[in-house]
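The structure appears below as structure tokens.
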Amino acid sequence: MSKEQYPDEILQSLEDYNIDIKDFLPGHGKGAKLLLDFNKISGVEEMKGVVLKGREIENGIVADVIIKEGAVIEEPVHLCFGVKKQSGIQQIFPRIIAEDNSEVTVRAHCSFPNADGLVHKMFGHFYIGNNCKFTYSETHYHGEKSGALVAPVSYMYIGENSIYENNFNLTQGTPGRVKIMLDIYAMKNSVIRSNIKAFGKGKGDSIRIRDSVFLEGENARSVIKMKAAAKDGGEVLMYGITEGNAKYCNGHVECQEIVLGKGSTCRARPFIRAIDSTSTVSHEASLGRFPQKWLDELQAKGLSEEEATDILVEAMLKEE
Amino acid sequence: MLLELKNVTVPTFDREHIIVEDISFGVKEGSIHAIIGPNGSGKSSLAYAIMGLHTYQLSQGKIFFEGKNITELGVTERAQLGITLAWQEPARIDGLSVLKYLSLGMKDKANIKEQAIDALKTVNLDPEKYINRYIDESLSGGERKRIELAATIAMRPKLIILDEPDSGLDMIVIEDFLNIFNKIRKLKMTILLITHREDIGMVADYGTLLWQGKALITDEFAEVMLRFCAKAGLKEFCKRTLFQNEKTCFGEDYIDKIFEEERNS
Ligand SMILES: Nc1ncnc2c1ncn2[C@@H]1O[C@H](COP(=O)(O)OP(=O)(O)O)[C@@H](O)[C@H]1O
Ligand SMILES: [Mg+2]
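Chains as they are written, first to last, in my numbering: chain W, -18 to 301; chain D, 790 to 1054.
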């Protein structure tokens, strides 16, 4: 497949997001990849140790990703869910399995540069085996119009001694209405890190995220970090849930938010519970404006208050 | 005069107390002008008032910059006219890269990286080591302050207010400072140097002595320092440094006279 067969607009929007599109144009880059043009699979490339299968269904696809036992995959696996249309329904059913002792990074790019009433739904199942290192990063871009209605629901099972990192980014463009539900079940000795970043920019933007981690195995550990900003009437609600349901578990939830302009709402709620006295679950939350001194320092460099605020939001939401 | 203060009084934000009162002095274009005074004398507050911070508004007096009355202007507007301030304790901000920070005030948005490299070199930091770092807690106090200074230099302002550039540095190497000041001078920027240290002040051409919220004298720096030493009782230091300084060469009897005057006042 050549570049011409994948919509330019989607590629451009990814480039604007500092993503090197060469990485996942079929025939380029070394990594395995699956490209979706709305509800049509427009390219699949597997590689040794990575099985990728897509099947088109009404209004969407089923995507299977299997990382074979013991496979250590250097190049990230790219899943590109692009839509250049303004509206319509795209439903994705990813089924992701990482067999024991495997290591991989999966990057999902949800790029909808012209979205205006588009609906994107996802119903994902992740099964991560024992002794794995698995990173899943999902970056969204919903264009500059009214954004999209995005509703992903995922269940993730993380096996013993595995390290699982989950990253979700929705910080550029107009988000629209976003509802994310994530349940992560962590087995013995596993380590979970979940980082969520979102920026609601106007009246039409509503972002609701519920990120839950259930520490089900002994000595499982987790850190949820949620960072959000809302401005000019945007709304961001985030729930960080952590339960310590086994011995010697350790969980932490951190929420950081900035509210700017009239009518904006940001709410971060940590819900934590430990049923065993040997387990600890803690939380930390900060909500508010940037310190005046920070604004003064940037304004003394000639920036307006608004420019200074944008720089600070950008810094806060920067990928770590 | 590049900057001129006329009868400036700065109260606390609640207007209950006066921090500095009836301050008048001018800063000549191209000069290094020191404001010297002990801790708590109001130096930082005066700097904030010149920068136009909302919480340090004048209750009396006027500030002129290049002959224009800027008393009513906000921070951004003053910065755009060419005034900037390097804070005594600049903030640490996660996620803000040194490169981005240095670029904020650049007028020319082309060749940002080259300009940033130049600015880092000016403050004697190795560009390669710093340009991709963040202005967060990973920097030492001294590194952060040098980067602050670099960021103000990168703006190419007409006036830089330096609030205690030496404070919080792990080790103060006077030669290093002199070297940086000379480089800034070559870039044709005027410096308002705030310090409570006599030795740092020695780079200045002129000075104003601030004492308990009042400006006691404005003169050539050596003269101002002599008064400062007299007030602070630093006779030995005064004799040693002022004798060594070829610019001034006060006679011992003159120094004794000033100290005597001070004792009697
Ligand atoms: N915002 C403020 N509110 C109340 N008092 C202040 C404020 N800022 C400064 N002051 C007081 O004014 C005096 C001068 O402070 P400052 O300008 O920081 O002095 P310096 O920089 O010379 O050490 C101090 O007594 C300080 O406590
Ligand atoms: Mg001070």
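Even for Gly, the Cβ is constructed at its ideal location relative to N, Cα and C.
All values reported here derive from a predicted model rather than from experimental measurement.
query: Same chain, Cβ closer than 7 Å to A838/D, five either side skipped, listed in chain order; result: V797, V799, Y845 and L847
query: Any chain W beta carbon closer than 8 Å to P879/D; result: yes
query: Pair within 8 Å by beta-carbon distance, A296/W and L268/W; result: no
query: From I942/D, K934/D, I936/D and G856/D, residue whose alpha carbon lies closest to that of T979/D; result: I942/D
query: Cutoff 8 Å: K11/W Cβ touching any chain D Cβ; result: no
query: Length of the line joining the Cα atoms of M168/W and E199/W; result: 7 Å
query: Where L1000/D falls: helix, strand or coil (DSSP); result: Inspection of the sequence shows that residue 1000/D is occupied by Trp rather than by Leu. DSSP places W1000/D in strand when its eight states are reduced to three.
query: Reference Q237/W; option with closest CA among E286/W, V217/W, V53/W and L16/W; result: V217/W
query: Lining residues of ligand 1 - beta-carbon closer than 5 Å to any non-hydrogen atom, in sequence order; result: T801/D, I808/D, N828/D, G829/D, S830/D, G831/D, K832/D, S833/D and S834/D
query: Opening and closing residue of the beta strand (DSSP E) in which F802/D lies; result: Unbroken run through F802/D: none, as it is neither H nor E.
query: Pairwise C-alpha distance: V1013/D and V962/D; result: 23 Å
query: T865/D, buried or exposed, once every other Cβ within 10 Å from all chains shown has been counted against 16; result: buried
query: Closer than 8 Å to chain W by CB, M840/D; result: yes
query: I292/W: contacting residues in chain D (beta-carbon distance under 8 Å); result: L885, K889 and L893
query: Proximity below 8 Å, CB of K65/W to CB of E141/W; result: no
query: Exposure of K182/W, with buried meaning 16 or more beta-carbon neighbours within 10 Å; result: buried
query: Residue-level contact to chain W via CB, V864/D, 8 Å cutoff; result: yes
query: Nearest-angstrom Cα separation, counted from T120/W out to V31/W; result: 21 Å
query: Against chain C: residues of the stretch 815 to 849 of chain D by CB proximity under 9 Å; result: The structure shown contains no chain C; its protein chains are W and D.
query: Proximal chain D residues relative to L60/W, where beta-carbon distance stays under 8 Å; result: Going along chain D, no residue has its Cβ under 8 Å from L60/W, so there is no contact; the nearest lies around 27 Å.
query: Straight-line gap, K15/W to M28/W (C-alpha atoms, nearest Å); result: Here residue 15/W turns out to be Leu, not Lys, going by the sequence shown. The alpha-carbon atoms of L15/W and M28/W are separated by roughly 11 Å.
query: Distance cut-off 7 Å: E953/D Cβ against heavy atoms of ligand 2; result: yes
query: Same chain, Cβ closer than 6 Å to T756/D, five either side skipped, listed in chain order; result: Nothing about residue 756/D can be read from this structure; chain D reaches only from 790 to 1054.
query: Extent of the continuous alpha helix (DSSP H) run through F1048/D; result: E1041 to N1053
query: Beta-carbon proximity list for R933/D, same chain, < 6 Å, skipping 5 on both sides; result: P879
query: Neighbouring residues, chain D, relative to E278/W (Cβ below 7 Å); result: W876, P879 and A880
query: Classification of D1/W by the beta-carbon crowding that lies within 10 angstroms, buried from 16 upward; result: exposed
query: Minimum Cβ-Cβ distance from Q1064/D to chain W less than 8 Å; result: Look at the range of chain D in this structure, 790 to 1054, and you will see that residue 1064/D is not part of it.
query: Beta carbon of V816/D nearer than 8 Å to that of L835/D; result: no
query: Reference G98/W, options T155/W, K11/W, K206/W and C113/W, closest by Cα; result: T155/W
query: Residue-chain proximity (Q869/D, chain W), Cβ-Cβ < 8 Å; result: yes
query: At least 3 beta-carbon pairs within less than 8 Å: the stretch 918 to 928 of chain D vs the stretch 947 to 958 of chain D; result: no
query: CB contact check: P(-12)/W to chain D, cutoff 8 Å; result: no
query: Any non-hydrogen atom of ligand 4 within 7 Å of Q1001/D CB; result: Of the ligands one can find in the structure shown, namely ligand 1 and ligand 2, none is ligand 4.
query: Closer than 8 Å to chain W by CB, M944/D; result: yes
query: Range of the contiguous alpha helix (DSSP H) that encloses G990/D; result: E987 to G990
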